[in-house]
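Undergrad: My structure is below; once you've seen it, I'll send some questions.
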Amino acid sequence: MERESMDFDVVIVGAGPAGLSAACRLAQLSQEHEHPLSICVVEKAPEIGAHILSGAVFETTALDELLPNWRQMEAPLSTPVTQEHLVYLTTEHNHLSIPEFLTPDAMKNGPENRVMSLSKFCRWLADHAQTLGVEIFPGFPAKELCFDAQGQVTGIITADMGLDKSGAAKNTFQPGVVLNAKQTIFAEGARGHLGKQLLTHFSLDKDCQPQHYALGIKEVWQLPNGDPRYQPGLVLHSIGWPLSESDTTGGGFLYHLEDNLVAVGLITDLNYQNPYLSPFDEFQRLKHHPQFCQYLEGAERIAYGARAIAKGGLLSLPKQQFPGGLLIGCDAGTLNPAKIKGCHCAMKSGMLAAEAIFSALQNNQDEADYHSLFRDSWLYQELDQSRNFAGMVHKFGPILGGALSLFEQQVWQRMTGGTSQWNVSDPLADHAQLLAKTKFQPIDYPAPDGIISFDKTSSVYLSSTFHEENQPCHLHIGDQLIPIKLHLPMFDEPSQRYCPAGVYEIIEVEGQSQLQINASNCLHCKTCDIKDPSQNITWEPPEGGGPNYSIM
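For the sequence shown, the residue numbers in UniProt numbering are 1 to 552.
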């Protein structure tokens, strides 16, 4: 197939905080030299920020380094944290407030941290990158890796456009473009499609524990103007109910943003064992708790979305450098699980990547030395201090595990003046932790009331998700028999519950059960790629579309 090709010094895959920070820092370094680098960012979403979702309480540490004058640049970070509460939900009606002295330092937020929309922030950061000379191409999913004869990554190929469901070319067909690069940075976010291939191709994860993930589901609500409940900068985090009823870890959040907006969500760790558990329905239950519904009653739900989170921490972090490129940000897993924050980590990862690649290009090196810069950075120190958090919570639960983590980070490390000498790992991958349905009773989730809780159909509608119907399905089932012959009798086919968008359904056709895939509903959260117990589902980017987030 004849493909157009374009040559760049650096190609960056993904216009999230990691990729855009890498682009900005590369451009800054490049401007100091006689021959500026050619830098290209490709983004699968049709607009920058449209596939970006986070809580988000934002730590400005990395931004202060990248753009020290961001306050004068009108960054969309106008809401400092004004007050915060950490609560343990004991039942569907009751709670215990966790006092400040028992709250881990990692979870404390002051006015230096901001409550914000990450999709808005990425649009702002992309605008700045373009002023520095970076070329940004939204609406171009990176579909394939390119290698030379020596096995070095030499760029990517974007997705073909204009294929029908059978893979045949329509009259609108346009072949993907080859983007050649001296160095390629992969910043696709958690469970990136190409990042997953790179881990296997270069055995980048052979010396670490499996990556662990959580599913974050989020809504944005609009409070009426003048509503006395609106407290800009209020931060509420919860643990316990409803996930505790299923021995599942995770937690809820509720943030008051600017303009009378309230963000509410639930993070469900994907190492859960009960195949009847539905993260979406657990979230609907959470909103009815008095700690949450007190801010939602009388408000209007205006946005919905979901995204997987890489939360294994340092012990799950793979090798990030390889010949011809780097794997950075949440594509690698740089989120700090103890802080429940990944944006500042992703940004610093991108900045370190830029510095490593700039040095490699200046010295004609095939492999950038990211590792040395990373080990000497505050990012490594931060992840090292909290490296046991995920393992402790997985092994001992949120209460005991949280207490052990609190002791390790705020007693032991302070006493010894360094990090602990032990590792607490979880060597079993999330997909392997589901148990047979015979060990559990089905969960009877209450019907949504249409006021506080809702169904998946109306929720997906608020995500503004759109896919061209007549295109190849981007959700690939390896063995068509596994869902019905194996997963249905053993796990009651869990995809119909772990998917937060109703993509997977078991239907009856002439008395036979079949798995129906409603690919047009897909939020690109990647949960199916992560949690499928046989690893039989592979997510790939469609030719376009997906959610269209504007304030997530």
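Where is the CB? At the ideal position from N, CA and C, for every residue including glycine.
Which whole-angstrom value is the C-beta distance of His193 and Glu540, which I expect to be below 8 Å?
TA: 6 Å between Cβ atoms; contact.
Undergrad: Between Pro232, Asp164, Arg191, which lies nearest to Met116 when the distance is taken from Cα to Cα?
TA: It is Pro232.
Undergrad: What residue range is occupied by the uninterrupted beta strand (DSSP E) comprising Arg3?
TA: It is not in any beta strand (DSSP E) - Arg3 carries neither H nor E in the DSSP assignment.
Undergrad: Lys341 to Tyr370, Cα distance in whole Å?
TA: Approximately 22 Å, taken between the alpha carbons.
Undergrad: Where are the alpha helix (DSSP H) runs, 4 residues long or more, that stay fully inside the region 510 to 537, in chain order?
TA: Listed in chain order, the complete alpha helix (DSSP H) runs (minimum 4 residues) inside the region 510 to 537 are 527 to 531.
Undergrad: Identify every run of the beta strand (DSSP E) within the region 99 to 161, keeping only runs that are complete inside it and at least 3 residues long; order them along the chain.
TA: Correct list: 135 to 138, 142 to 147, 153 to 158.
Undergrad: For Gln441, verify whether its CB is less than 7 Å away from any heavy atom of the ligand MN.
TA: For the ligand MN, the structure offers nothing, since it holds no ligand at all.
Undergrad: Apart from the five residues on each side of it in sequence, which residues of its chain come closer than 6 Å, Cβ to Cβ, to Asp7?
TA: Once the five neighbours on either side are set aside, the close Cβ partners of Asp7 are Asn180.
Undergrad: Exposed or buried, which one is Arg301 when buried takes at least 16 other CB atoms within 10 Å?
TA: The residue in question, Arg301, is buried, as its Cβ has 16 or more Cβ neighbours within 10 Å.
Undergrad: I'd like to confirm the pairing. Which residues does DSSP put opposite Arg497 in its beta bridges?
TA: Its beta-bridge partners do not exist; DSSP assigns none.
Undergrad: For Phe186 versus Asp331, is the C-beta distance shorter than 8 Å?
TA: Contact flag set, yes.
Undergrad: CA-CA distance, Gln433 and Glu144?
TA: Spanning the two alpha carbons is a distance of roughly 31 Å.
Undergrad: Touch check for the region 356 to 374 and the region 82 to 92: three-plus C-beta pairs under 8 Å?
TA: Taking 8 Å as the limit for Cβ pairs, the verdict is that the region 82 to 92 does not touch the region 356 to 374.
Undergrad: First and last residue of the beta strand (DSSP E) that includes Gln174?
TA: From DSSP, the beta strand (DSSP E) with Gln174 extends over 169 to 174.
Undergrad: Which of helix, strand or coil does DSSP assign to Leu29?
TA: The answer is helix: DSSP assigns Leu29 an H, G or I state.
Undergrad: Cα-Cα, which of Phe280, Ser377, His51 is closest to Ile443?
TA: Ranking the options by Cα distance to Ile443, first place goes to Phe280.
Undergrad: For Gly473, report the span of its alpha helix (DSSP H) as first-last.
TA: The sequence given here has Cys at residue 473, not Gly. No alpha helix (DSSP H) contains Cys473, which DSSP labels as neither H nor E.
Undergrad: Roughly how many angstroms separate the alpha carbons of Thr268 and Leu428, rounded to a whole number?
TA: Each residue's alpha carbon lies about 17 Å from the other.
Undergrad: I'd like the span of the alpha helix (DSSP H) that includes His344, first residue to last.
TA: Note, His344: alpha helix (DSSP H), 343 to 362.
Undergrad: Looking at C-alpha atoms only, which residue of Tyr498, Ile506, Pro500, Gly251 is the closest neighbour of Pro489?
TA: Among Tyr498, Ile506, Pro500, Gly251, the Cα nearest to that of Pro489 belongs to Ile506.
Undergrad: Going straight from the alpha carbon of Cys122 to that of Lys439, what length do you get?
TA: Each residue's alpha carbon lies about 44 Å from the other.
Undergrad: Does the structure place the region 18 to 34 close enough to the region 58 to 72 that three or more beta carbon pairs sit under 8 Å?
TA: With a cut-off of 8 Å, the region 18 to 34 and the region 58 to 72 count as touching, because enough Cβ pairs lie within range.
Undergrad: Enumerate in chain order the residues of its own chain whose CB-to-CB distance from Val393 is below 6 Å, with the five nearest sequence positions on each side excluded.
TA: Once the five neighbours on either side are set aside, the close Cβ partners of Val393 are Thr249, Gly401.
Undergrad: Which residues does DSSP pair with His237 in a beta bridge?
TA: Beta-bridge pairing links His237 to Leu86, Phe253.
Undergrad: Return the chain-ordered list of same chain residues with a C-beta closer than 6 Å to the C-beta of Ser459, the five sequence neighbours on each side being excluded.
TA: Closer than 6 Å at the Cβ level, and outside the excluded window around Ser459, lie Tyr304.
Undergrad: Which residue from Asp160, Ala56, Gln441 puts its Cα closest to that of Met174?
TA: Reading off the sequence, residue 174 comes out as Gln, not Met. Among Asp160, Ala56, Gln441, the Cα nearest to that of Gln174 belongs to Asp160.
Undergrad: Among the residues of its own chain, which have a CB less than 8 Å from the CB of Leu102, if the five just before and after it don't count?
TA: Result list for Leu102: Leu406, in chain order.
Undergrad: Using only the alpha-carbon positions, how far apart do Tyr380 and Gln514 sit?
TA: Rounded to the nearest angstrom, the two C-alpha atoms are 47 Å apart.
Undergrad: Give me the Cα-Cα distance between residue 625 and Leu118, rounded to the nearest whole angstrom.
TA: Lying before the first or after the last residue shown, residue 625 is absent from the chain, which here runs from 1 to 552.
Undergrad: Given a cut-off of 8 Å, decide if Val177 and Glu4 are closer than it, judged by their beta-carbon atoms.
TA: Yes, the Cβ-Cβ distance between Glu4 and Val177 is below 8 Å.
Undergrad: Identify which residue in Glu543, Tyr549, Met552 has its Cα closest to the Cα of Lys165.
TA: Cα-wise, what sits closest to Lys165 is Glu543.
Undergrad: By how many angstroms is the C-alpha of Gly333 removed from the C-alpha of Ala129?
TA: Cα to Cα, Ala129 sits roughly 24 Å from Gly333.
Undergrad: Looking at the structure shown, is Arg387 part of a helix, part of a strand, or coil, going by DSSP?
TA: Arg387 falls in the coil class under three-state DSSP.
Undergrad: Quick check on Asp205: does DSSP put it in helix, strand or coil?
TA: DSSP places Asp205 in coil when its eight states are reduced to three.
Undergrad: Among Pro68, Ile451, Asp105, whose alpha-carbon lies nearest the alpha-carbon of Lys339?
TA: Looking at the Cα atoms, Asp105 is the closest of the given residues.
Undergrad: Under the assumption that Leu204 contacts Phe396 (Cβ atoms under 8 Å), give the Cβ distance between them as a whole number of angstroms.
TA: Wrong, their Cβ atoms sit about 29 Å apart, outside the cutoff.
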